[in-house]
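Peer 1:
There are 2 protein chains.
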Amino acid sequence: MAAQEAVHALREALGSQVVQLPEEFGDRRVVDWSGLPGGVPLAVIRPRDTAEVAKALHICSEHGQPVVTQGGLTGLVGGANVQGGEVAISLDRMNKIVEIDPVSSTMTVEAGTPLQVVQEAATAAGFYFPLDLGARGSCSIGGNLATNAGGNRVIKYGMMRDQVLGLEAVLASGKVIGGLNKMIKDNSGYDLRHLLIGSEGTLAIITRAVLRLRPKPTATATAWCGLPSYEAVTTLLSRAQARLAPGVSAFEVMWKGYYDAVLANLDTLRAPLDEAHPFYVLLESVGTDPVRHADAFEEFLGEMLEAGVVSDAALASSDSQALAFWAIRDAPGEYQRFIPNHAAYDVSFSIAQVGEAAQRCDVRLRERWPDAIVMIYGHLGDGNIHVVVDVPGMGKHDHDEIDDVIYDVTRDLQGSISAEHGIGTKKKHFLHFTRSDNDIESMRAIKSALDPHGLLNPGKVF
Amino acid sequence: MAAQEAVHALREALGSQVVQLPEEFGDRRVVDWSGLPGGVPLAVIRPRDTAEVAKALHICSEHGQPVVTQGGLTGLVGGANVQGGEVAISLDRMNKIVEIDPVSSTMTVEAGTPLQVVQEAATAAGFYFPLDLGARGSCSIGGNLATNAGGNRVIKYGMMRDQVLGLEAVLASGKVIGGLNKMIKDNSGYDLRHLLIGSEGTLAIITRAVLRLRPKPTATATAWCGLPSYEAVTTLLSRAQARLAPGVSAFEVMWKGYYDAVLANLDTLRAPLDEAHPFYVLLESVGTDPVRHADAFEEFLGEMLEAGVVSDAALASSDSQALAFWAIRDAPGEYQRFIPNHAAYDVSFSIAQVGEAAQRCDVRLRERWPDAIVMIYGHLGDGNIHVVVDVPGMGKHDHDEIDDVIYDVTRDLQGSISAEHGIGTKKKHFLHFTRSDNDIESMRAIKSALDPHGLLNPGKVF
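Sequences listed follow chains W and E, in order.
Going by our numbering, the first residue of the first sequence is number 338, and it counts up by one from there.
Going by our numbering, the first residue of the second sequence is number 338, and it counts up by one from there.
Take a look at the structure:
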């Protein structure tokens, strides 16, 4: 068997410490958090440095052996799952911080380093690494890069691609590309870095990266606002960006259906305002001057109340009060407790279209399932909403129908079927809702150019 | 002749209004600002919309006819010059603003629109378009995209690639890719947009773009600082970014040699400080709250003086004083008056290495040419410096030797031979100083995948 020969050659070249067989890696987790089916890899390769990744890929390439790259396995679209017949290359041993350069404000890390380790090392060095998501303790920087991770602070700091100056990666052939550049400006030929970021392991294996560090914010102001209409929500966003800019670090909007459902079901949550409103916004701004920043934030909020943009607002007077506001926004982490069998979507639109998109989803879902629970919330500053749906006795057929409703709305309003989670296997049949045939054909041509035998993460994205 | 047939077919399909022959376009300028040699195109094609670009490229593709894309022809590396045998496609008729969406903060434009038109339309709509460079009146958005233009505000707002949400382009085959997306987050397959940005017309012709608009800053503070050492300069940068962040909108450093040369030769300039210093920094910060912003800026400057980071400083008390500071930084526009025959470089390094790089260039140039004028200045917040050199009686041989000095330093310190100007033909023989053989091979593979017959801007970049 070709696959057995490949595994044998890998083990010969890299040793049994690096190349582990199923009987050796035992009950190691080899599937992501998506819940999608995933097989057991023929072997798990755990290289200790870039040279070992290159050696492994060179051998796989010679044997035509397909490869799945695995980081923290926290993805939500099946992107790191084995389809059948692949070996897995895990970056879990390449988890070191190589260097912090305080003058250049950079941190050089190996791709297997967990996000939280990077965040903490940045803080210890007097800096801030802004990317943040719920999986921070488990997800790896390489996975964050492969999926162009987003999260809560995108409105101010951008996506993962905006946090990277240099990228080193290994092609299917075993050739190393990119490097540990620290230049903010570099217009010397094609930007391979941005091509690899978000390519979900299908073009190369990212091995090391130079991350950009930011100044640590020293002042944070947080408010919970109730608003009368979607128009008021977008007005608040644009005024906040104009007045507090570029301090706005979170602008999380929650539709009433979301708010009512989480408050009714999670008794640890407290309503921040006395009355009900059609929309709620968690507004956060960061700065570097505690007194001036707090004054400006409060003044702004007062003006928005006076102008009727905001109907009512609560200003967090302590960190714990701010955390209590965030707990309402972070309630999706608790969904399993009250809607274990839900369908969840991660879609984006132009900011102007988010309100229309949310309304169309809500109306169409309720028409079909009058008892549906429809919860909509998201990062409005980025045009990104999450839609969570539960219908009584939901089966596979219902789930497929809900997919169609959500993705039809996304296509009709020129949105994206994946704002931040990626495509993997979960959304690949809907890729053409967001990307044209010519785009997909171009992606395939690029894939063939860099991975001519289709060995890297086969069957993913397209 | 195949070329004559191609021109004939183009003229048949698109008409003589769109496809103009040399006797018709007459003394139209067809070379860029680089001063590098450029030929006369076989025809200038001036499409009125994306469909006409697609039609033209489809015909060129069928006839194997090479194409050079031309925008405002303000490039500095020969990227838009005809090498011989190409037709030119000029986007000068596609110069309309398609739409401004104030809720989504976007502007959709055709690629031939001049940068200044975009800036003014943004301002008129109550927004700000931050990309700015000297060529603003002539350069086009398409050219800004093809070269990933930089300029003075990169430290705060990023390069051209950071100003774009959607991109529509036409491949050599005539197929249209991308689109007018307004999503800030979109992780649905490979990011073709970032691949095309900075590819200097070798992969596709950019036809339309959705630009991101920013809130208009309403407060600006500007200071001219004298500093004792390069270490003090980097300290001022990191403290400014921590304390004023993210308001720092310019951090322009000038070495003494630059300052002395421009003040000695341009009698319109006035020294902002009484005494001489080894380094000068023009520091600018923008905000949205005039009173609080001015107070914070002055307070910060006082602290830097007290700490000895800054030896002396002048705070601009009026717009005209700020402009007088900027005139010293913008003196390169006047070089022609006192060093008409100079060599100029646009290189970048990690911020920590800029000081060392500047010193090596200066020392090595003076060793070889004791009477050399060496002027170094740049955008330190981006690691980008410009080096301008004049040696007595400079000939081609001297120029080549100076190239070697500067690019050797760049290679040795892992810098980039092109921070913002691009590669074109001017720097392509030095591309391997910044990019590895594997990188260049990958670029060629991608080029072949998207433009298999090598028809788009042949001979450029690599």
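A virtual CB, placed ideally from N, CA and C, is assigned to each residue, including glycine.
Within 9 Å (strictly less), CB to CB, does Met-641 of chain W reach chain E?
Peer 2: Residue mapping note: residue 641 of chain W aligns to position 304 of the first sequence, counting from 1. With 9 Å as the cut-off, Met-641 of chain W does not count as an interface residue toward chain E.
Peer 1: Name the residue from E:Cys-562, E:Val-711 and E:Leu-508 whose alpha carbon lies nearest to the alpha carbon of Lys-784 of chain E.
Peer 2: Counting from 1 along the second sequence, the entry for residue 784 of chain E is found at position 447. Minimum Cα distance to Lys-784 of chain E is reached at E:Leu-508.
Peer 1: For Leu-540 of chain W, decide whether its Cβ has a neighbour in chain E, counting only Cβ atoms nearer than 9 Å.
Peer 2: The residue you call residue 540 of chain W lines up with position 203 of the first sequence. Judged by the 9 Å Cβ criterion, Leu-540 of chain W is in contact with chain E.
Peer 1: For the stretch 473-490 of chain W, enumerate the residues whose C-beta is nearer than 9 Å to any C-beta of chain E, in chain order.
Peer 2: Hits within the stretch, in order: Thr-484, Asn-485, Ala-486 and Gly-487.
Peer 1: Which residue marks the beginning of the alpha helix (DSSP H) containing Ser-575 of chain E, and which one marks its end?
Peer 2: To locate residue 575 of chain E, count along the second sequence from 1; it is residue 238. 567-580 is the span of the alpha helix (DSSP H), which, as asked, contains Ser-575 of chain E.
Peer 1: Can you find at least 3 beta carbon pairs, one from the stretch 682-697 of chain E and one from the stretch 645-661 of chain E, that sit closer than 8 Å?
Peer 2: Counting Cβ pairs under 8 Å, fewer than three are found: no touch.
Peer 1: Just the C-alpha distance for Gly-375 of chain W and Gly-416 of chain W, rounded to the nearest angstrom, thanks.
Peer 2: Start at 1 with the first residue of the first sequence, and residue 375 of chain W comes out as number 38. Start at 1 with the first residue of the first sequence, and residue 416 of chain W comes out as number 79. Taking the straight line joining both Cα atoms gives about 10 Å.
Peer 1: Take Ala-472 of chain W and list the residues in its own chain whose beta-carbon comes closer than 6 Å to its own, dropping the five residues that flank it on each side.
Peer 2: The residue labelled residue 472 of chain W in the question sits at position 135 within the first sequence. Closer than 6 Å at the Cβ level, and outside the excluded window around Ala-472 of chain W, lie Thr-411.
Peer 1: Just how far apart, CA to CA, sit Ile-521 of chain E and Asp-745 of chain W?
Peer 2: As a position in the second sequence, residue 521 of chain E is number 184, starting the count at 1. As a position in the first sequence, residue 745 of chain W is number 408, starting the count at 1. If I take the Cα positions, the gap works out to 20 Å.
Peer 1: When you compare only the Cα positions, how much space is there between Leu-574 of chain W and Val-440 of chain E?
Peer 2: Translated into the one-based positions of the first sequence, residue 574 of chain W becomes position 237. Translated into the one-based positions of the second sequence, residue 440 of chain E becomes position 103. When rounded, the distance between both Cα atoms is 9 Å.
Peer 1: With distance defined between alpha-carbon atoms, name the residue in E:Val-647, E:Asp-604 and E:Leu-600 nearest to Thr-572 of chain E.
Peer 2: Position 235 of the second sequence, counted from the start, is the residue given in the question as residue 572 of chain E. Considering only alpha carbons, the answer is E:Val-647.
Peer 1: Residues in the same chain with beta-carbon distance under 6 Å from Thr-555 of chain W, minus the five sequence neighbours each way, listed in chain order, please.
Peer 2: As a first step, residue 555 of chain W is located in the first sequence; it is residue number 218 there, counting from the start. Excluding positions up to five away in sequence, the list reads Thr-625.
Peer 1: Considering just the uninterrupted stretch of the beta strand (DSSP E) at Phe-616 of chain W, what are its terminal residues?
Peer 2: Counting from 1 along the first sequence, the entry for residue 616 of chain W is found at position 279. Segment 616-624, the beta strand (DSSP E) holding Phe-616 of chain W.
Peer 1: What are the uninterrupted segments assigned as beta strand (DSSP E) that are 3 or more residues long and contained completely in the stretch 442-522 of chain W, given in chain order?
Peer 2: Counting whole runs of 3 or more residues, the stretch 442-522 of chain W contains the beta strand (DSSP E) stretches 443-447, 501-507 and 513-516.
Peer 1: What is the rounded straight-line gap between the Cα of His-345 of chain W and the Cα of Leu-793 of chain W?
Peer 2: Sequence index remark: in the first sequence, residue 345 of chain W carries index 8 (1-based). Sequence index remark: in the first sequence, residue 793 of chain W carries index 456 (1-based). If you take the alpha carbons of His-345 of chain W and Leu-793 of chain W, they lie about 19 Å apart.
Peer 1: Once you ignore the five residues that flank Val-570 of chain W on each side, which residues in its own chain have a CB closer than 7 Å to its CB?
Peer 2: To locate residue 570 of chain W, count along the first sequence from 1; it is residue 233. For Val-570 of chain W, where only same-chain residues beyond five positions count, the Cβ hits under 7 Å are Leu-564, Val-590, Phe-616, Val-618 and Leu-717.
Peer 1: Kindly indicate if chain E contains any beta-carbon less than 9 Å away from that of Thr-411 of chain W.
Peer 2: Position 74 of the first sequence holds residue 411 of chain W. Not an interface residue.
Peer 1: Starting from the beta carbon of Ala-782 of chain E, find every residue of chain W whose beta carbon is closer than 7 Å, and list them in chain order.
Peer 2: Mapped onto the second sequence, residue 782 of chain E falls at position 445. Ala-786 and Leu-787, listed in chain order.
Peer 1: Measure the Cβ-Cβ separation of Met-497 of chain E and Leu-468 of chain E and say whether it is below 9 Å.
Peer 2: Here residue 497 of chain E refers to the residue found at position 160 of the second sequence. Here residue 468 of chain E refers to the residue found at position 131 of the second sequence. Contact: yes.
Peer 1: Give the range of the alpha helix (DSSP H) segment to which Gln-402 of chain E is assigned.
Peer 2: Along the second sequence, read from residue 1 onward, the residue named residue 402 of chain E stands at position 65. No alpha helix (DSSP H) contains Gln-402 of chain E, which DSSP labels as neither H nor E.
Peer 1: Give the DSSP bridge partners of Phe-588 of chain W, in chain order.
Peer 2: Walking along the first sequence from the start, residue 588 of chain W turns up at place 251. In the DSSP output, where bridge partners are listed per residue, Phe-588 of chain W has W:Leu-620.
Peer 1: Per DSSP, what kind of secondary structure is Gln-354 of chain E in: helix, strand or coil?
Peer 2: Here the question's residue 354 of chain E lines up with position 17 in the second sequence. In this structure, Gln-354 of chain E counts as coil in the three-state DSSP scheme.
Peer 1: Would DSSP call Trp-561 of chain W helix, strand or coil?
Peer 2: Counting from one through the first sequence, the residue named residue 561 of chain W turns up at place 224. Of the three classes helix, strand and coil, the one that applies to Trp-561 of chain W here is strand, per DSSP.
Peer 1: So, with DSSP's three-state summary, where would you put Gly-882 of chain E?
Peer 2: Given a span of 338 to 799 for chain E in the structure shown, any question on residue 882 of chain E remains unanswerable.
Peer 1: With burial defined as no fewer than 16 other Cβ atoms inside 10 Å of the residue's Cβ, what is the status of Asp-719 of chain W: buried or exposed?
Peer 2: As a first step, residue 719 of chain W must be located in the first sequence, where it is residue number 382. Label assigned to Asp-719 of chain W: buried.
Peer 1: What residues from chain W crowd round Val-513 of chain E, counting only those whose CB sits closer than 9 Å?
Peer 2: As a working note, residue 513 of chain E is residue 176 in the second sequence. The contacting residues are Ser-773 and Asn-775.
Peer 1: With a CB to CB cut of under 6 Å and the five nearest residues on each side skipped, what residues in its chain are close to Ser-427 of chain E?
Peer 2: Taking the second sequence and counting its residues from 1, the one referred to as residue 427 of chain E is at position 90. Answer for Ser-427 of chain E: Val-381, Arg-383 and Gln-407, listed in chain order.
Peer 1: Would DSSP call Asp-386 of chain E helix, strand or coil?
Peer 2: As a working mapping, residue 386 of chain E is identified with position 49 in the second sequence. Asp-386 of chain E falls in the coil class under three-state DSSP.
Peer 1: According to DSSP, simplified to helix, strand and coil, what is Arg-629 of chain W?
Peer 2: In the first sequence, the residue the question calls residue 629 of chain W occupies position 292. Three-state result, Arg-629 of chain W: helix.
Peer 1: Taking C-beta to C-beta, are Val-599 of chain W and Met-712 of chain W nearer than 9 Å?
Peer 2: Here residue 599 of chain W is taken as the residue at index 262 of the first sequence, counted from 1. Here residue 712 of chain W is taken as the residue at index 375 of the first sequence, counted from 1. Yes, the pair counts as a contact, with Cβ atoms nearer than the cut-off.
Peer 1: Residues in its own chain within less than 8 Å of Gly-594 of chain E by CB, not counting five upstream and five downstream?
Peer 2: The residue given as residue 594 of chain E occupies position 257 in the second sequence. Hits under 8 Å: Asp-699, Ile-710, Val-711, Met-712 and Ile-713.
Peer 1: Closer than 9 Å, CB to CB, is Ala-587 of chain W near chain E or not?
Peer 2: For the purposes of this step, residue 587 of chain W is taken as residue 250 along the first sequence, with counting starting at 1. With 9 Å as the cut-off, Ala-587 of chain W does not count as an interface residue toward chain E.
Peer 1: Whole angstroms is fine: what's the gap from Glu-568 of chain E's alpha carbon to Trp-561 of chain W's?
Peer 2: Translated into the one-based positions of the second sequence, residue 568 of chain E becomes position 231. Translated into the one-based positions of the first sequence, residue 561 of chain W becomes position 224. Rounded to the nearest angstrom, the two C-alpha atoms are 44 Å apart.
Peer 1: Can you tell me which of E:Glu-643, E:Glu-612 and E:Ser-525 puts its alpha carbon nearest to the alpha carbon of Glu-757 of chain W?
Peer 2: Taking the first sequence and counting its residues from 1, one reaches residue 757 of chain W at position 420. Closest by alpha carbon: E:Ser-525.
Peer 1: Give me whichever residues DSSP pairs with Ser-427 of chain E in a beta bridge.
Peer 2: Counting from 1 along the second sequence, the entry for residue 427 of chain E is found at position 90. BP columns for Ser-427 of chain E point to E:Gln-407.
Peer 1: Please compile the residues from chain E whose C-beta is within a distance smaller than 7 Å of the C-beta of Ser-441 of chain W.
Peer 2: Numbered from its first residue, the first sequence carries residue 441 of chain W at position 104. Ordered by position in chain E, the residues that pass the 7 Å Cβ test against Ser-441 of chain W are Ser-687, Ile-688 and Ala-689.
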